[in-house]
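**Student:** Position one of the sequence shown corresponds to residue 18 (our numbering), numbered consecutively onward.
Ideal placement from N, C-alpha and C gives every residue a C-beta, glycine not left out.
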Amino acid sequence: MSTLEGRDRTALLVVDVQNDVMAEADDAEAVVGRIAGLVDRARAQDVPVVWVQHSDEGLVHGGDGWQIVPALVPADGDPRVEKLHGDSFEGTDLEGVLAGLGVGRLVVAGAESDACIRSTIHGAFARGYDTILVGDAHTSGDKTAWGAPTPAQVAAHMNLYWSFQSAPGKTAGVVEADDVVFG
Numbered sequence: 018m019s020t021l022e023g024r025d026r027t028a029l030l031v032v033d034v035q036n037d038v039m040a041e042a043d044d045a046e047a048v049v050g051r052i053a054g055l056v057d058r059a060r061a062q063d064v065p066v067v068w069v070q071h072s073d074e075g076l077v078h079g080g081d082g083w084q085i086v087p088a089l090v091p092a093d094g095d096p097r098v099e100k101l102h103g104d105s106f107e108g109t110d111l112e113g114v115l116a117g118l119g120v121g122r123l124v125v126a127g128a129e130s131d132a133c134i135r136s137t138i139h140g141a142f143a144r145g146y147d148t149i150l151v152g153d154a155h156t157s158g159d160k161t162a163w164g165a166p167t168p169a170q171v172a173a174h175m176n177l178y179w180s181f182q183s184a185p186g187k188t189a190g191v192v193e194a195d196d197v198v199f200g
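#1: Which runs of the alpha helix (DSSP H) spanning at least 4 residues fall entirely within the region 124 to 182, listed in chain order?
#2: Less than 8 angstroms between the CB atoms is what I'm expecting for residue 77 and residue 49, so what's the real figure, rounded?
#3: Tell me whether residue 129 is buried or exposed, calling it buried when 16 or more other Cβ atoms sit within 10 Å of its Cβ.
#4: Inspect the beta-carbon positions of residue 111 and residue 34 and report whether they are closer than 7 angstroms.
#5: Can you check DSSP and say which residues form a bridge with residue 27?
#6: Taking C-beta to C-beta, are residue 46 and residue 158 nearer than 7 angstroms?
#7: Under the DSSP definition of a beta bridge, which residues are partnered with residue 70?
#8: Where do the ends of the beta strand (DSSP E) carrying residue 192 lie?
#9: Report buried or exposed for residue 27, applying the criterion of at least 16 other Cβ atoms within 10 angstroms of its Cβ.
#10: Whose C-alpha, out of 39, 38, 29, 71, is nearest the C-alpha of residue 58?
#11: Measuring straight from C-alpha to C-alpha, what distance separates residue 143 and residue 119?
#12: Got a sec, what are the start and stop residues for the alpha helix (DSSP H) residue 90 sits in?
#13: What residue range is occupied by the uninterrupted alpha helix (DSSP H) comprising residue 46?
#14: Distance, Cα to Cα, residue 91 vs residue 68?
Take a look at the structure:
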């Protein structure tokens, strides 16, 4: 039901599940395991898996920390998008990649909940995509030293407010990994 005409496919968007990001992430092993299960299910159903990788001063492009975690291996032909901003659409070719695949619905998982995931789901929704956040497949590092809630509270808040997101002609929602329907 997205507002993107003629784009009825779904894609799994895996955001910033990179070595250095996940090294500091809460419940990283379980989150990566759930993402791996989503990737396997998406591939089995011929659903595109699109990988996003962030780089900045602390996450150097091409370095070991920038690489996707070893438990998740992009397949040959899986689109990869490199970004410099929180929103995976800003300054990237993500929109063109998705348009080329006929995608109007995104299932989003990855890190960090309170930064790149939040920016990306808002960016997708504002651009007309039906946007599903996988509620148990996003995470963040602990930023309580700077006054932020715990990572678990951040994830819970993200899931709460995204489950009530709405706009004409498109849908948003939160679904647990085991309950994701790609078709």
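**Tutor:** Quick look at the numbers:
#1: 135 to 143, 168 to 179
#2: In this structure residue 77 is not in contact with residue 49, their Cβ atoms being roughly 21 angstroms apart against a cut-off of 8 angstroms.
#3: By the neighbour-count rule (16 or more Cβ atoms within 10 Å), residue 129 is buried.
#4: no
#5: Beta-bridge partners assigned by DSSP to residue 27: 122.
#6: no
#7: 99
#8: 189 to 192
#9: buried
#10: Proximity to residue 58 across 39, 38, 29, 71 peaks at 29, based on C-alpha coordinates.
#11: 18 angstroms
#12: No alpha helix (DSSP H) contains residue 90, which DSSP labels as neither H nor E.
#13: 45 to 61 is the span of the alpha helix (DSSP H), which, as asked, contains residue 46.
#14: 7 angstroms
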